[in-house]
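S.K.:
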Amino acid sequence: MADVLSLNESIAQKKAEKYDPALEENVRAWLGAMVDRAAEFTNPSNSLCDLLKDGVVLCTYVMCHTSISLDIS
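Residue -19 is where the sequence shown starts when you use the numbering used here, and the numbers rise one by one after that.
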């Protein structure tokens, strides 16, 4: 059991080392500006994952920055 625990700890440590809070802040600011939802994206209490997971932001970005017309009714 100790090997599994140390493996889990090792994975968690590597994940934490790769996370860059400054990069997330830059992504939030850029994406919020691109989809005209800056207030929502710059609020750190909103999880970036939660903001992106339903796909609405992606569709909004595509519709704003391409000539593609999508009917999402």
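Note that CB positions come from ideal geometry on N, CA and C, so glycine has one too.
These figures come from a predicted structure and were not determined experimentally.
#1: Whose CA, out of N23, E5 and V15, lies closest to the CA of G35?
#2: Report back the beta-carbon spacing between L11 and E20 to the nearest angstrom; my notes put them in contact at under 8 Å.
#3: If you drop the 5 nearest sequence neighbours on each side, which residues of the same chain put their C-beta closer than 7 Å to that of T40?
#4: Does the distance from the C-beta atom of E(-3) to that of L28 stay below 8 Å?
#5: Please tell me whether A2 and T22 are closer than 8 Å, where the distance is taken between their beta carbons.
#6: Quick check on DSSP: helix, strand or coil for Y(-1)?
M.R.: Taking the geometry as given:
#1: Within the sequence shown, numbered from 1, the residue matching residue 35 stands at position 55. Distances from the alpha-carbon of G35 to those of N23, E5 and V15 put V15 closest.
#2: For the purposes of this step, residue 11 is taken as the residue at position 31 of the sequence shown. For the purposes of this step, residue 20 is taken as the residue at position 40 of the sequence shown. The Cβ separation is near 10 Å, so there is no contact.
#3: In the sequence shown, residue 40 corresponds to position 60, counting from 1. Answer for T40: V15, listed in chain order.
#4: On the sequence shown, residue -3 is found 17 positions in, with the first residue counted as 1. On the sequence shown, residue 28 is found 48 positions in, with the first residue counted as 1. No, Cβ-Cβ distance for E(-3) and L28 is not below 8 Å.
#5: Numbered from its first residue, the sequence shown carries residue 2 at position 22. Numbered from its first residue, the sequence shown carries residue 22 at position 42. It is not a contact, given that the beta carbons lie outside the stated cut-off.
#6: In the sequence shown, residue -1 corresponds to position 19, counting from 1. DSSP places Y(-1) in coil when its eight states are reduced to three.
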